[in-house]
Amino acid sequence: MHVQGDVDLPVKNPSKTKKMKKRKMEKWIPYLFILPSFLIIVSFLFYPIGTVFYYSLQYYDISAPYYNKFAGLDHFKRIFTEDDLFLPSLFNSFKWVVSQVGLQLILGMILALLLNQTFKFRGFVRAVAFIPWAISGVLASVMWSLMYNEHMGVINDLLMRMGIISTPQAWLSDTTTAFIGVVIAEVWRGIPFFAITLLAALQSIPEELYEAARVDGAGRWKSYIHITLPQLKNTIVLTTLLRTIWEFNNVDLLFNLTGGGPAHSTTTLTMYIAEQAVHGSNFGYGSALTVVTFGILFLFAIIYLKASRFEREGD
Amino acid sequence: MYKHVSRSFMAISMAATLFLAGCSDETATAPKTPKGTKDEPVTITFWDENAGPQRTPIWEELIKRFEDKHPNIDVEYVGLPKDSAKKKMDAAIASDDMPDLASVQTSWLPEFSIREALLPLDDYLEKSDLKDKINEGAVKFNKDIVQDNKLYGIPYTQNLDILWVRPDWFKEAGVKVPEIWEEFFTAAEKMTDKSKNRYGYTIRGGAGGSFQLQRLMFAYSGLEDYIDESGKSTINDPKHVEFVEKYLALYKNFTPQSDITNGYKEMIAGFDTGAVAMVQHNIGSFGEHSEALAADQFQAIPLPKTEEGNSVAEGGNTIGISIFKTTKNPEAAWEFASFLNSAESQSYWNQQVGQIPTNSDVLNEQWIQESPHIQIAFEVYNDPNTVLYKPPFYLPDYRTILDNQVDAGTQAVMSGKSTVKEFLDEWAEAMEKSEKQYNEHFKK
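Chains B and D are the protein sequences, given in the same order. Here UniProt numbering is used: the first residue of the first sequence is 1, the next is one more, and so on. Here UniProt numbering is used: the first residue of the second sequence is 1, the next is one more, and so on.
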């Protein structure tokens, strides 16, 4: 909901007190307009976030309510000193985010540059390129799990026909290939996001800049480095930031393709939280893990925006 | 602005209070004038803990029959998928928003009863026609495992873990169908023919795999205690270490590689599509095999016997009907519960699913005499030498340990990341820790 700043509407009745009353009313009207969204944000965002912080200080397990009590900082102590899965999960999250955002950005950029050229059937190719983005996570995971299947998967079939492997592999059941398998599936799904936003940004770069560069004797590569990239900077910073947070929190493909296994080799921090809170119904410990995750993402966002000097040059 | 903030907070807290007040509809005690006995129309809600295309229609048929007999009682069916049913019931109990009655697995009774969610049914059963008809052992087990030794669930079906094998393949290869563990390991090896994409056995390495592993471990060792008097768990007993080492060594050699992430569906599909010769499950998957395979292509055999020649089964492998304390219509709920446990209903339900009824009036029916897999189950349960081991169902994190720690631990061994000894030691330690916490809390 947007609130218009200008609320000084012309007043017909010049009576002073009435005018003042109306002024006063008008002063409050914008707040009245934002009240519904404010209420929604408070009740569906701030309140749940508040309860997560609250439960992170409690022993709270709905399947064993008789053990529930105040925990103080016990959970945090356990996370940093005793928990054997916290650091490996955090490391998995790190690997996941870096590989996802990096690959999606590079491949998305290539796709956007290609789609920005003029060629026959461009509209059709553009539409096709964006299909993965429109496919729901559950459907995508069913598709990929069939493709990776040991007995009837198309990937094994192709690789065997090409003579690359001799026996069928269970790609998602091997601790060395499971992670890469899910990364490929998620990259496939995430490329269009970067392609769409970068393509939109590419189209807003004035053609004159390229013309001027050509006059100065710049080739394709030089115009890309000195014009395209700087012009895309804000878009890249914002999309990578958004995508980092999304990918950090993303579980659908991981959950459906491997469930965090085998042997926790694909358990990211978010998967680990789901395992603790959703599967184990240990909401106290799950909340504490969430608070730590929240802290990590919050710090990352601040540092990233500062370091990339977001918008400063664009202004 | 501040005023508005405080106002909206007030509004929210008021709304929240009203909402919470609406939720906490305290009716824990039975109302003075029981409804649903005569003409007054009442609605009761029934939760099924294993809904799906196979079982939901069976319940719907039974509900239809019940409503025809009791036009004043309307039964509302809510089907919960098997994997999340326990979580849903946990959440319902935590928020005091329970159904009137539900199909409840016996292993959940200790926890639900400590949380004071269920209505004791001893008096109801005592006064009913069902008295002395429901399997005595199963009823006694249900009382034994809860803290106050009351009856919180009337078992309507009993199950048994067995092996399903391909008799046609065994015959063709001239291999003996296993009766003892040594024969099982030999059969797994001999029945594997990778050139035909055929494996001797399939391991459930994914969700639910820990339950399978545990049942096989005890079937091998013949140990009766899960946790002994001194609070020590037998999980890392040398016999169990020996078994798990042999058993998980089958992986990849005589089982498919994808076994490490196998859930129930994948495991059964492996058998039903003709990729594996033996699979461990219970008699309840009869329906699925009979749909996929011809009658001479699958056969139920008991789990291999221990060195001493005993069969072993996990105690409490029953499902029962429980009534929740918050019900406003306990009489109507009992009416439905006893209807479900009548000979006619139990016969219908168990015949459709392929499990063992607990009502003695059903046991002589023809379909039971003609079902070899049910006969096998009877033989095992009626054998006086059969050992029934008791898992610590009363530990609130019993299931969580198995689901979160043991499933992943099995995968770690299968992928060579840890040794069997380390894995079983950690498993035993988790159970012992939980037992200690439980004892400190309840037995001070």
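Think of the CB as a built atom: it goes at the ideal place given N, C-alpha and C, for glycine as much as any other residue.
- Proximity of Ala300 (chain D) to chain B, defined by a Cβ-Cβ separation below 8 Å, is not satisfied.
- Within a 10 Å sphere around the beta-carbon of Trp427 (chain D) sit 16 or more other beta-carbons, which makes this residue buried.
- Counting of Cβ neighbours within 10 angstroms places Ala117 (chain D) among the buried residues, the total reaching 16 or more.
- Residues of the region 93 to 112 of chain D with a C-beta atom less than 7 Å from some C-beta of chain B are Ala94 and Glu111, listed in chain order.
- Under DSSP, Gln58 (chain B) shares a beta bridge with B:Phe70.
- In terms of beta-carbon proximity, Asp397 (chain D) lines the interface with chain B, with at least one pair separated by less than 8 Å.
- Between the region 258 to 266 of chain B and the region 199 to 216 of chain D, the count of Cβ pairs shorter than 8 Å is three or higher; the stretches touch.
- DSSP places Thr43 (chain D) in the uninterrupted beta strand (DSSP E) bounded by Val42 to Ala51.
- By the criterion of at least three beta-carbon pairs nearer than 8 Å, the region 223 to 232 of chain B is not in contact with the region 74 to 86 of chain B.
- At a cut-off of 8 Å between C-beta atoms, His441 (chain D) counts as an interface residue with respect to chain B.
- Taking C-beta atoms as the reference points, Leu130 (chain D) and Ser338 (chain D) count as a pair closer than 8 Å.
- Contact between the region 239 to 256 of chain B and the region 208 to 221 of chain B is absent: fewer than three C-beta pairs spanning the two stretches fall below 8 Å.
- Chain-order list of chain B residues neighbouring Arg166 (chain D): empty, with the shortest C-beta distance near 17 Å, by a criterion of under 8 Å.
- When D:Asn404, D:Val362, D:Gly309 and D:His441 are compared, the shortest CA-CA separation from Pro384 (chain D) is found for D:Gly309.
- Between Val182 (chain B) and Thr266 (chain B) a beta carbon distance of about 6 Å is seen, short of the 8 Å cut, so the two are scored as contacting.
- The three-state reading of DSSP puts Gln100 (chain B) in helix, counting H, G and I together.
- DSSP places Ile245 (chain B) inside the alpha helix (DSSP H), whose first and last residues are Leu229 to Asn249.
- Within a 10 Å sphere around the beta-carbon of Phe53 (chain B) sit fewer than 16 other beta-carbons, which makes this residue exposed.
- Sixteen is the threshold: when 16 or more other Cβ atoms of the shown chains lie within 10 Å of the Cβ of Trp334 (chain D), as they do, the residue is buried.
- Residues of chain D with a Cβ closer than 8 Å to the Cβ of Thr258 (chain B) are, in chain order, Thr261.
- The DSSP-derived three-state label of Lys305 (chain D) is strand.
- Taking a Cβ-Cβ cut-off of 7 Å, the neighbours of Gln411 (chain D) in chain B comprise Gly261, Pro262 and Ala263, given in sequence order.
- Between Asn234 (chain B) and Leu202 (chain B), the alpha-carbon positions lie close to 12 Å from each other.
- Listed along chain D, no residue sits closer than 9 Å to Ile79 (chain B) by beta-carbon distance, the nearest being about 16 Å off.
- Residues of the region 270 to 297 of chain B that bring their beta carbon within less than 9 Å of a beta carbon in chain D comprise Glu275, Gln276, Val278, His279, Gly280, Ser281 and Asn282, in sequence order.
- Here Phe254 (chain D) is near Tyr201 (chain D), since their CB atoms are less than 8 Å apart.
- Sixteen is the threshold: since fewer than 16 other Cβ atoms of the shown chains lie within 10 Å of the Cβ of Leu32 (chain B), the residue is exposed.
- A Cβ of chain D is located within less than 8 Å of the beta carbon of Ile62 (chain B).
- Judged by DSSP secondary structure, Asp161 (chain D) falls within the beta strand (DSSP E) whose first and last residues are Asp161 to Val165.
- Using a Cβ-Cβ cut-off of 8 Å, Glu150 (chain B) is close to Pro256, Gln257 and Ser258 of chain D, given in chain order.
- Comparing alpha-carbon positions, the option among B:Ser43, B:Val142, B:Leu73 and B:Leu111 lying closest to Leu289 (chain B) turns out to be B:Leu73.
- Apart from sequence neighbours up to five positions away, the residues of its chain that approach Glu60 (chain D) with a beta-carbon distance below 7 Å are Tyr77, ordered along the chain.
- Note on His240 (chain D): 16 or more other CB atoms within 10 angstroms of its CB, so buried under the neighbour-count rule.
- Residue contact check for Tyr67 (chain B) against chain D: a CB pair falls below 8 Å.
- According to DSSP, residue pairing for Gly219 (chain B) in a beta bridge does not occur.
- Within chain D, no residue has its CB atom less than 7 Å from the CB of Ala185 (chain B), the nearest being about 15 Å off.
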